[in-house]
Structure formats: structure tokens, C-alpha cells
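Report on the following structure.
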Amino acid sequence: MSAAVSPQQLIAAAQSARSQAHAPYSNYFVGAAVLTKDGEIIQGCNVENASYGGTICAERVALTAAIAQGKRELRAIAVVTVDGASPCGLCRQVMIELGPEMDVYIGDDAGKFRSTTVRALLPDAFVG
Ligand code: THU
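Below you can see the structure in the form of C-alpha cells.
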């Protein structure tokens, strides 16, 4: 964790990104925020599609945006949902690929959150 950005601040950034979600099919709004080595925060939200398979999770939006911005050293990711749900399996696999050493903060819309790690969320991962 960067000294400059607290877990609470990263959760707040994910909560704010959540309000941008495009989720007309599930009405399940998800926000994510990635913390880079430089202390930058990159946000993402879920973006759904009428062709459901085209939906992208908030975590993968944030993670792929970080890569697109040239940020390859990722320290942490926060994800916020209404009920504090855990990231899906596909997002865990992408976390292992792009930020295997990240801390993961999982929060709800009341501001409560718990801390874990990518490695704890996806033990014995396939890494090619
Ligand atoms: N979703 C995420 O954004 N992240 C997850 O880890 C799980 C699910 C989104 C996808 C879809 O837009 C909605 O939540 C319901 O599945």
C-alpha cells in the first residue's frame, strides 16, 4: 500500500466510480479503483450490454485502463457493491495476471470493507 493512499481512500474512489456503472440489465452497480506504484488511482465500473456476454466487470475495466495508461506495477484494488460481494472468478484470474501482489479491499455501500489479497482469492492459480 502506498503511504499516500489509504485503504479507506481507495474504497472511497471505488464507491465514487460505482455511480458511473452502466447496469440497466442487472441493476447491480459495481465500482473499482486500482492503486498504482506511483500512488495514482484508476477507477472502473461495470459496463453491461444488451448482448449479455459483452458485459465487463468493474475490476477488469479499472485493471485494463491501468495497463492502457502504462501503469504496470499495481499495488491494490478496491471493489464496492451494495452488499460487499467478492470479485468473480474471471476478475480474479485477471488480477493474478496483472497484479498478483495486490491487496484487495472489498466494500459495501455503507462504507464497511474487508482486506484480502489476490493470492488468497485465487490459490493455485493457472499462470500459463
Ligand atoms: N460484476 C462486476 O462488476 N464485478 C464482479 O466481480 C462481479 C460482477 C458485475 C457484472 C454485471 O454487470 C453485474 O455485476 C451483475 O453480475
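This note's numbering numbers the first residue of the sequence shown as 38 and each following residue consecutively. Virtual Cβ for every residue (Gly too), placed ideally from N, Cα, C.
Each of Ala-60, Ser-63, Tyr-65, Val-67, Asn-83, Glu-85, Thr-92, Cys-94, Ala-95, Glu-96, Pro-124, Cys-125, Cys-128 has a C-beta closer than 6 Å to some heavy atom of the ligand THU; these make up the full list, in chain order. In the three-state reduction of the DSSP assignment, Cys-94 falls in the coil class. Of the candidates Lys-74, Ala-58, Ser-88, the residue whose Cα lies closest to the Cα of Arg-97 is Ala-58. Pairing Val-71 with Asp-146, the inter-Cα distance amounts to about 18 Å. Per DSSP, the beta bridge partners of Gln-80 are Ala-70.
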